[in-house]
Every structure is written in structure tokens, then in C-alpha cells.
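Peer 1:
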DNA sequence: GTTGCTGCAAACCCTTTGCATAGGA
DNA sequence: TCCTATGCAAAGGGTTTGCAGCAAC
């Protein structure tokens with residue numbers, strides 16, 4: 001089932017006059033394995049431990065391309081760095097981020113999506129993308145935070 | 001009316017064992033004048049042109065304190081740097097950001113707020129803060145973008 | 001007088017870039 | 001062969017930090 005994705009990637013690159021290199025294939029392969037929220041450095045490091053020699057710079061450059069074609073999504077989850085996530089076969093969603101354990105929980109709320117469109121419509125604004133992050137404590141960490149008087 | 005804010009600031013600092021310095025007063029004064037979305041560097045630069053000598057480091061450090069006590073809000077509006085906004089006398093709100101002219105439009109939608117709370121409740125998540133950004137084109141820029149075939 | 005604060009410059013961290021070489025098309 | 005991609009290391013840009021002198025309390 002992933003062949004189609006590689007095929008699309010190849011076609012996109014060809015149309016743009018870009019090359020379908022082995023590094024790009026390796027990075028796409030790695031991204032498709034992921035089901036979590038990762039950063040570029042992490043992906044590069046993981047590839048290195050697997051013996052795949054791809055530079056950080058190429059990882060960044062390739063993730064940009066994959067973002068353009070919608071294979072990955074970029075998310076700002078409260079850290080200094082960008083997070084990426086594999087979007088193949090997935091829909092837009094928003095994130096809950098635990099301030100204690102860093103867990104990320106995904107959710108979709110159709111009503112929120114609808115209201116966003118209405119807000120834009122009423123203001124004559126053309127929405128291109130949107131992102132909603134909710135920061136707080138997950139059910140596992142709530143008691144820990146209370147006990148430690150951390151907030 | 002601002003006296004109360006300075007008084008609160010002073011009390012907060014005292015309770016924390018921190019000092020109510022002239023630099024901190026100057027920065028708070030500057031922040032209270034603002035009605036827009038600014039970054040730390042911008043604020044420092046503006047103060048310098050007004051002849052107020054406060055270092056960038058102190059601006060960053062003080063904005064952090066002001067954020068803790070709710071006088072300023074931090075927002076990630078699609079740039080590399082953080083944006084701050086004066087929150088005195090204001091409620092939480094979300095942002096529409098124009099990708100063409102960088103204009104920021106604020107909005108509040110009670111239904112969205114309510115649904116966020118429901119999502120958290122249903123997942124046993126304790127919300128501390130949230131931020132929603134919608135990126136796109138404002139009514140002024142929509143025709144410009146269409147004409148120039150920019151997207 | 002004690003202790004936290006400031007300014008400065010350097011350090012940091014993530015990300016981007018310039019350049020020489022490698023490798024798709 | 002032509003031209004883009006890669007790897008490396010250096011540059012970038014916003015933000016943070018270590019430290020010596022300074023100012024609150």
C-alpha cells in the first residue's frame with residue numbers, strides 16, 4: 001500500500017525538476033514507520049543508529065518537501081523545535097499536550113472545526129490552515145502534579 | 001487605574017523574594033502602552049529609541065515574570081520568535097493571522113471554548129492553557145493574492 | 001550588608017546555508 | 001553530460017546564561 005506514496009513522491013519530484021534520490025527514499029521510509037510526534041534531529045539520529053547515513057541537513061530539506069505534499073504535518077507543541085507527524089491515511093486533528101510527561105493526545109471535534117470556518121466566513125478571512133493546542137495535565141499526571149505541588 | 005497593576009506587580013515580587021527594580025517598572029510601563037502583538041526585541045528597541053536603557057536580557061527576563069502573573073500573553077504566530085500581548089483588562093482570545101500582510105485579527109468563540117472544555121473532560125485532561133491560530137488571507141489580501149497567483 | 005538584578009557578551013539550540021563533491025536523469 | 005542533491009561545517013536568529021559590578025531591601 002505504500003508503493004503509491006513512493007510513486008506520488010517520485011512524480012511530484014519529477015514534475016518539480018527534482019531528483020528521486022536514495023536519501024529521500026530512506027527518509028520517506030523512516031517517516032512512514034512513525035506513528036508519533038518526532039523532530040528532525042530525532043529522525044536523523046534514529047536513522048544513524050540503524051546504520052543509515054543521512055545528514056541532518058538532508059533530513060530537514062526532505063521533511064520540508066514531505067510537508068509540501070502533505071505526507072507530514074508540522075506542529076508546534078510547546079518546545080523550541082518543530083514536531084512532525086506522518087499524515088498518511090490520517091485527517092487533520094488537534095493536540096492535547098501534557099506539561100508533566102510530554103504525552104501528546106490527538107483529538108478531532110467537528111463542532112470546533114465548523115465554528116472556525118464560521119468565524120472566518122464572518123470576517124471575510126480565507127483559512128489555509130489552523131492549529132489548536134491544549135496544554136495541561138493528562139489523567140495519569142494529575143495526581144502526580146497534585147502530590148508534588150508542582151504546577 | 002494602572003496603579004493597581006504596579007501594586008500587584010510589586011506585591012508579587014515581594015512574595016517571591018524578588019526586587020521591584022526601576023528596569024522592571026519601565027518594562028511594565030512600556031508593555032501597558034502596547035495594544036498590539038510585539039516581540040521582546042521590538043520592545044527593547046523601542047525603549048532604546050525612547051532613551052530608556054534596558055538590556056535585551058532584562059526585557060526577556062521581565063516578560064517572563066509578567067507572563068507568569070498574567071499581565072502578558074505569549075503567542076506563537078507563525079514566526080520564529082514569540083509574540084507577546086498586553087492582557088490587562090482583556091480576556092482570552094484566539095488569532096487569525098494573514099499570511100500575506102501579517103495582520104493579526106483577534107476573535108473569541110464561546111462555542112469553541114466550551115467544546116475544548118468538553119474534549120478535556122471526556123479525556124480526563126486538566127486544561128491549563130490553550131491556543132488556536134488560524135492562518136490564511138484577510139479580506140484585504142484575498143484579491144491581491146488571487147491577482148498575483150501567490151498562494 | 002545581604003541578596004537578587006543588570007548588562008554584556010558568549011553560549012545555546014534548532015534550523016538554514018555555502019560550497020565542493022557525488023550522483024540522478 | 002548537466003544540474004540538482006548531499007554532507008559538512010559554519011552561519012543565522014531568537015533566547016538564555018555566567019559573571020562581575022550594581023542596586024534593592
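Protein chains in written order, with the working numbering: chain E, 1 to 151; chain U, 1 to 151.
For every residue, glycine included, the Cβ atom is placed at its ideal position computed from N, Cα and C.
1. State buried or exposed for residue 120 of chain E, treating a residue as buried only when at least 16 other CB atoms are found within 10 Å of its CB.
2. Taking the CB atoms as reference points, tell me whether residue 95 of chain U and residue 105 of chain U lie closer together than 8 Å.
3. Between the stretch 17 to 32 of chain U and the stretch 60 to 77 of chain U, do at least 3 Cβ pairs fall closer than 8 Å?
4. Using beta carbons (cut-off 8 Å, strictly below), is residue 109 of chain U in contact with chain E?
5. Relative to the C-alpha of residue 103 of chain U, which candidate in U/138, U/81, U/132, U/4 has its C-alpha closest?
6. Just to make sure I have the definition right: I need the residues of chain E whose C-beta is within less than 7 Å of the C-beta of residue 126 of chain U. Which are they?
7. Taking the Cβ atom as the reference point for each residue, do residue 30 of chain E and residue 43 of chain E lie within a distance shorter than 8 Å?
8. Cα separation between residue 52 of chain U and residue 27 of chain U?
9. Find the residues of chain U that neighbour residue 81 of chain E, judging by a C-beta separation of less than 7 Å, and give them in chain order.
10. Going along chain U, which residues have a C-beta under 7 Å from residue 24 of chain E?
11. List the whole-angstrom C-beta distance separating residue 75 of chain U from residue 131 of chain U, where the pair is believed to meet the contact cut-off of C-beta under 8 Å.
12. For residue 120 of chain E, return the contacting residues in chain U, with the cut-off set at a CB-CB distance below 8 Å.
13. Would you tell me roughly how many angstroms separate the C-alpha atoms of residue 109 of chain E and residue 115 of chain U, rounded to the nearest one?
14. Is there a Cβ from chain E that is less than 8 Å from the Cβ of residue 67 of chain U?
15. If we call anything under 8 Å between Cβ atoms a contact, is residue 79 of chain E one with residue 145 of chain E?
16. Which residues in the same chain as residue 17 of chain U place their Cβ atom closer than 6 Å to its Cβ, once the five residues preceding and following it in sequence are excluded?
17. Identify every run of the alpha helix (DSSP H) within the stretch 101 to 134 of chain E, keeping only runs that are complete inside it and at least 4 residues long; order them along the chain.
18. Is residue 151 of chain E helix, strand or coil when you go by DSSP?
19. Would you mind telling me which residues of chain U sit closer than 7 Å to residue 131 of chain E, beta carbon to beta carbon, in chain order?
20. Quick one: residues in its chain with C-beta nearer than 8 Å to the C-beta of residue 3 of chain U, no 5 flanking neighbours on either side, listed in chain order?
21. Can you give me the C-alpha to C-alpha distance between residue 47 of chain E and residue 25 of chain E, rounded to a whole angstrom?
22. I think residue 126 of chain E touches residue 5 of chain U, with their Cβ atoms under 8 Å apart; what is that distance to the nearest whole Å?
23. Nearest-angstrom Cα distance between residue 81 of chain U and residue 147 of chain E?
24. Taking the Cβ atom as the reference point for each residue, do residue 86 of chain U and residue 129 of chain U lie within a distance shorter than 8 Å?
25. Would a C-beta distance cut-off of 8 Å place residue 37 of chain E and residue 66 of chain E closer than the cut-off?
26. With DSSP as the reference, identify every bridge partner of residue 9 of chain U, one or two as the case may be.
27. Applying the criterion that 16 or more other CB atoms from any shown protein chain within 10 Å of the CB defines a buried residue, is residue 140 of chain E buried or exposed?
28. Exposed or buried, which one is residue 57 of chain U when buried takes at least 16 other CB atoms within 10 Å?
Peer 2: In brief:
1. Under the 10 Å beta carbon count, residue 120 of chain E is surrounded by 16 or more other beta carbons and is classified as buried.
2. Yes, these two residues count as a Cβ contact at 8 Å.
3. Proximity of the stretch 17 to 32 of chain U to the stretch 60 to 77 of chain U meets the contact definition, three or more beta-carbon pairs being nearer than 8 Å.
4. Yes, residue 109 of chain U lies at the interface with chain E (some Cβ there is under 8 Å from its Cβ).
5. Of the listed residues, the one whose Cα sits closest to residue 103 of chain U is U/138.
6. Result: 136, 137, 142.
7. For residue 30 of chain E and residue 43 of chain E, yes; Cβs fall inside 8 Å.
8. Whole-angstrom Cα-Cα distance: 10 Å.
9. Those within 7 Å of residue 81 of chain E in chain U number zero; the least Cβ separation is about 11 Å.
10. Residues of chain U with a Cβ closer than 7 Å to the Cβ of residue 24 of chain E do not exist; the shortest Cβ-Cβ separation is about 24 Å.
11. With a Cβ gap of about 6 Å, residue 75 of chain U and residue 131 of chain U count as contacting.
12. Going along chain U in sequence order, the residues near residue 120 of chain E (Cβ under 8 Å) are 96, 134, 136.
13. Rounded to the nearest angstrom, the two C-alpha atoms are 8 Å apart.
14. When Cβ-Cβ separations below 8 Å define contact, residue 67 of chain U makes no contact with chain E.
15. It is not a contact, given that the beta carbons lie outside the stated cut-off.
16. Once the five neighbours on either side are set aside, residue 17 of chain U has no close Cβ partner at all.
17. Considered as a whole, the stretch 101 to 134 of chain E harbours 110 to 122 as its complete alpha helix (DSSP H) runs of no fewer than 4 residues, in chain order.
18. In this prediction, residue 151 of chain E has a pLDDT of 44, which is less than 50 and means its spatial position is unreliable; what the coordinates show is noted afterwards. In the displayed model, residue 151 of chain E falls within coil according to three-state DSSP, outside both helix and strand.
19. The answer, in chain order, is 133.
20. Excluding sequence neighbours, residue 3 of chain U sits near nothing in its chain.
21. Spanning the two alpha carbons is a distance of roughly 12 Å.
22. Not really, about 38 Å apart at Cβ, beyond 8 Å.
23. Roughly 35 Å separates the two Cα atoms.
24. Between residue 86 of chain U and residue 129 of chain U, the gap from beta carbon to beta carbon reaches 8 Å or more.
25. No, Cβ-Cβ distance for residue 37 of chain E and residue 66 of chain E is not below 8 Å.
26. Among the bridge pairs identified by DSSP, residue 9 of chain U is matched with none.
27. In the assembly as shown, residue 140 of chain E is an exposed residue. Its beta-carbon has fewer than 16 other beta-carbons within 10 Å.
28. The residue is exposed, with fewer than 16 neighbouring Cβ atoms inside 10 Å.
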